[in-house]
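Asker: Residue numbers (full-length UniProt numbering): 1 to 691. Quick one: structure below, then a few questions.
Have a look at this one:
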C-alpha cells in the first residue's frame, strides 16, 4: 500500500504469526495530524467557519438564544411560585397575574374561538390549575420507525429534557431499526430519572394495514390509533408526540392540562391551523369529515383509561370502515380518522390552546397562536419542507431547533433535585468502580477513561445490506474524527464492499458530518456504509473503544481491520473474498495480512498493479509503511519476500508487530484502556497471536 504524509507520526506496533497475502496492496494517505492522538475538538455549538449558514453572527445569535431560553425558564419558575402564593391569598390577588392564557372553548372547532382565545389575556384560570406533583412521572408516547426518524427523536427528547423537572417515562413504538438505534443511545446516554420502554411496531402492522394511506409516514402514521391497546393496561394517561416536535417549555405544563378535562373529554388536541379540512385548497379538494377546521394530531393528550371504557378500538374502526367506503384512503394518516370520530362525537375532545402545537407548514394560521415568540410552548415542523417552511418568525424557530439539534447531550445527564432515580445496577457498579480509583494517582485520568460511558448513536444514516450467498463477505472497519472526513469519498471509491465506521464527534460536529454526507453524491449513493457516532466526552481520544463499536456492528462473517488514512488497492474487496475461501478462514484461526505502503507526496498516481507498485518503490516515490520512523512495526511482513511471492506465505509474530489484517467476525475486541496514540494495535495483534 501507499501513503501520503504531511508530517511524521510514530507508530508503536506489535507482531503475530499470520498468513500473508502478497498481491494485496493499499495506500496510506496521511492527511492530517492527530496532535498526539487527540482529534481537533469543537465546542458543542461550534460550526465550520466557511459555511454561510453558520456565520459568526448566527453563532452569537444562537448562543444568546440559548441563554434567553434559560432566562425565560427561570422567569416562568418565579412566576409560578408567585401565582401559587397569590392563590393562597385569595381571588382578589389574581389580577396581578401577567401571564397570558389562551384557553379556548372545548370542541367548538369555531375559528372565532381561536381568535377569542388569543385575546383572552389575564385569565385567572392559570392560578387555579392544579400543579403536577414534584416527582410525578410524566408518560410520553412516540411512534418511530427508520433511521431518519430516530435522529428526529433525539432532538425532540433533548428539548424535553432541557426544560423538564419531573421524571419521564418514554413509550417508544418502534420498528427493529429504531429500537436498535434508540436502545443503544439511551443505554449509553444514562440520563437520570428517565425510563424507556419499547413496543414492537412490526407486531402492530396487522392492526392498521387494512387502511390505505397516502401520507408519507406510511403504515407507521396510523399506529397512534392503537395506543389504548398497545400501552400497558394500567397506564391511565399519556402525551403522544410526533417526532418533528420541539418543546420550548417544561412538558409538565402540558401534563397539568389533564386536570382540566371534564365529563367525557378524553382527547386533548389543538385545532388544525391550515385550511385542509375546510376543503377549499384546490378545485375538487375533498378532505375527510372534520369538526370545523379539524384537529392536528402532532400533540395529543390521551386519557387511556376512559378511552378503553368507551371502547375506543371499536369506535375508530367502525368510523374508518364507514368513511373508507367513499374516501378510499387517508391523506393525513391517523389524523383523518381521529377527526372523523370527533365529528361524530364532539364531546370527546378538549381543545388545547394553540400554542401547544404551533404548526409550521405553509399557509397556516400559526402566527395567530402567539403575540410574542416567548409565548410559544411547542413547535411542530409538520411540513415536508421542515426548516424551509414560510413564516415571519421562522428564523427564531429555526435557531431554537438548531440549538437543541447541536446541544451537548452530555449536559442533560443532570439529576433531578429531590427525585431519586430508580436503582440501576449498571450505574451503581460504575459509581463503585470510580470511587475505588485513587484521585492522587498520576494516571487517574487515564484509569478513569475506561469507565467513561460514551453516548452512542448507531447507524446515523440510512443503511442497507444484502448478505452474500457464498458467506465470504468482508466489511472494512475503521474509526475517525472530524479532521478525517475528507477520506470518506476516496475510501468509498476504492472499496465497493460494506464499511463500518465509528466517528468520534460532538453533537455539533455530528450535524456538520450529516450535512457533509448529504451533500456528497458519492456518499449518498452508498447504502452499505454504517456510520456510528460516538459522542465526545473527556480529554482522551478513545481509539480502541471506537474500533470496538465499528467491529461490533458489522453484518458480514469477516472484517478488514483498517485505519481511515489508508486507501485499499482497486479490486481488494473481491480479492479478499476469494482469499477467504482459498485459505479456509471459516474453519481455521488465521489472519490475512494486507501489506501497507506510504508516500510522502501530496499527489501521486495510484498504482494499478503490483508491478507498478514495485517500480514506484524502486524509484523512491513509495515506501513500506513507517519505514523511516518505525520499521519494527511492519518488518515481520517480510517485504523482501513479498516482492517475488506469488502465493500467500506464513510469517511469525514478533514484538511490536502491528499489521492490518482480515479476520473472522469473532475476533477478540481491542483493549479500550488504550487511549490516544500508541500501542493500541500492538496489544491487539499480540492477543490475536496468543489465541
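Where is the CB? At the ideal position from N, CA and C, for every residue including glycine. These numbers were taken from a predicted model, which means no experiment stands behind them.
Run the CB neighbour count on residue 418, radius 10 Å, all protein chains shown included, and call it buried at 16 or more, exposed below.
Answerer: Its Cβ having fewer than 16 others within 10 Å, residue 418 is exposed.
Asker: Along the chain, where does the alpha helix (DSSP H) containing residue 577 start, and where does it finish?
Answerer: Where residue 577 is concerned, the enclosing alpha helix (DSSP H) stretches over 572-582.
Asker: Do residue 301 and residue 268 have their C-beta atoms closer together than 7 Å?
Answerer: Against a cut-off of 7 Å, the Cβ pair of residue 268 and residue 301 comes out as a contact.
Asker: According to the neighbour-count rule (16 or more other Cβ atoms, all chains shown, within 10 Å of its Cβ), is residue 695 buried or exposed?
Answerer: Outside the shown range of the chain (1 to 691) lies residue 695, about which nothing can therefore be said.
Asker: Report the partner residues of residue 537 according to the DSSP bridge assignment.
Answerer: Note: residue 537 sits in no beta bridge, so no partner.
Asker: So residue 185 is in the alpha helix (DSSP H); what residue range does that whole segment cover?
Answerer: From DSSP, the alpha helix (DSSP H) with residue 185 extends over 176-189.
Asker: Keeping to the same chain, check which residues put their C-beta closer than 7 Å to that of residue 90; ignore five residues upstream and five downstream.
Answerer: Low confidence applies to residue 90: its pLDDT is 41, below 50, so where it sits in the model is not reliable, and the reading given next is rough at best. Answer for residue 90: no residue qualifies.
Asker: Determine the contact status of residue 289 and residue 205, defining contact as a CB-CB distance below 7 Å.
Answerer: Against a cut-off of 7 Å, the Cβ pair of residue 205 and residue 289 comes out as no contact.
Asker: Note down, one range per segment and in chain order, each alpha helix (DSSP H) of at least 4 residues found wholly within the region 480-562.
Answerer: Counting whole runs of 4 or more residues, the region 480-562 contains the alpha helix (DSSP H) stretches 487-494, 507-518, 521-524, 543-552.
Asker: List, from N- to C-terminal side, the alpha helix (DSSP H) runs of 4 residues or more that fit wholly inside the region 393-449.
Answerer: Those alpha helix (DSSP H) runs which fall completely within the region 393-449 and span 4+ residues are 394-405, 425-435, 444-449.
Asker: Counting C-beta neighbours from all protein chains within 10 Å, is the total for residue 88 16 or more, i.e. buried, or is it exposed?
Answerer: With a pLDDT of 45 at residue 88, under the threshold of 50, the modelled position of this residue cannot be trusted, and the question is left open.
Asker: Tell me the rounded alpha-carbon separation between residue 485 and residue 609.
Answerer: In a straight line, the C-alpha of residue 485 is about 27 Å away from that of residue 609.
Asker: Pair every Cβ in the region 165-172 with every Cβ in the region 134-145, then say whether three or more of these pairs are closer than 8 Å.
Answerer: Counting Cβ pairs under 8 Å, three or more are found: they touch.
Asker: Say the cut is 6 Å; is the CB of residue 580 nearer than that to a heavy atom of the ligand ZN?
Answerer: Ligands in the displayed structure: none, and consequently the ligand ZN is not present.
Asker: Starting from residue 340, follow the alpha helix (DSSP H) in both directions and report where the run begins and ends.
Answerer: From DSSP, the alpha helix (DSSP H) with residue 340 extends over 334-344.
Asker: Taking the beta carbon of residue 179 as the centre, do at least 16 other beta carbons fall within 10 Å, making it buried, or is it exposed?
Answerer: It is buried - the Cβ of residue 179 has at least 16 other Cβ atoms within 10 Å.
Asker: Buried or exposed: where does residue 271 fall if 16 or more other Cβ atoms within 10 Å of its Cβ makes it buried?
Answerer: Residue 271 is buried by the Cβ-count criterion.
Asker: With distances taken Cα to Cα, identify the nearest neighbour of residue 459 among 176, 399, 598.
Answerer: Residue 176 is the option with its Cα nearest to residue 459.
Asker: With H, G and I counted as helix, E and B as strand and the rest as coil, what does DSSP make of residue 595?
Answerer: It is coil, neither helix nor strand.
Asker: Three-state secondary structure (DSSP) at residue 622?
Answerer: In this structure, residue 622 counts as coil in the three-state DSSP scheme.
Asker: Going by DSSP, what residues sit across from residue 351 in a beta bridge?
Answerer: Partner(s): 269.
Asker: For the alpha helix (DSSP H) holding residue 684, just list the boundary residues, first then last.
Answerer: Looking at the DSSP string, the run of the alpha helix (DSSP H) that includes residue 684 is 680-690.
Asker: Using beta-carbon positions only, say whether residue 496 and residue 558 come within less than 7 Å of one another.
Answerer: No, they are not a contact pair.
Asker: Output yes or no for whether 7 Å exceeds the beta carbon distance between residue 663 and residue 591.
Answerer: Closer than 7 Å, so yes.
Asker: With distance defined between alpha-carbon atoms, name the residue in 618, 498, 330, 682 nearest to residue 599.
Answerer: Out of 618, 498, 330, 682, 618 has the C-alpha closest to the C-alpha of residue 599.
Asker: Alpha carbon to alpha carbon, what distance is there between residue 480 and residue 461?
Answerer: C-alpha separation (whole angstroms): 16 Å.
Asker: Pop quiz: residue 261 and residue 303 are said to be a contact at Cβ under 8 Å. What is the actual Cβ separation, rounded to whole angstroms?
Answerer: Contact flag correct, Cβ pair sits at about 6 Å.
Asker: Skipping 5 residues on each side, what residues in its chain have a beta carbon closer than 6 Å to that of residue 265?
Answerer: 350.
Asker: Using the rule of at least 16 other Cβ atoms within 10 Å of the residue's Cβ for burial, across every protein chain shown, is residue 292 buried or exposed?
Answerer: With 16 or more other Cβ atoms within 10 Å, it is buried.
Asker: Using CA coordinates, which residue listed in 273, 410, 445, 571 is at the minimum distance from residue 368?
Answerer: Nearest of 273, 410, 445, 571 to residue 368, Cα basis: 273.
Asker: Note down the Cα distance separating residue 394 from residue 365, rounded to an integer number of angstroms.
Answerer: Their Cα atoms are separated by approximately 14 Å.
Asker: Just checking my contact of residue 720 with residue 313 at CB under 8 Å: how many whole Å lie between their CB atoms?
Answerer: The first residue shown for the chain is 1 and the last is 691, placing residue 720 beyond what the model contains.
Asker: For residue 252, which three-state DSSP category applies?
Answerer: Reduced to three states, the DSSP call for residue 252 is helix.
Asker: What does DSSP give as the partner residue(s) for residue 295 in the beta ladder?
Answerer: Note: residue 295 sits in a beta bridge opposite 271.
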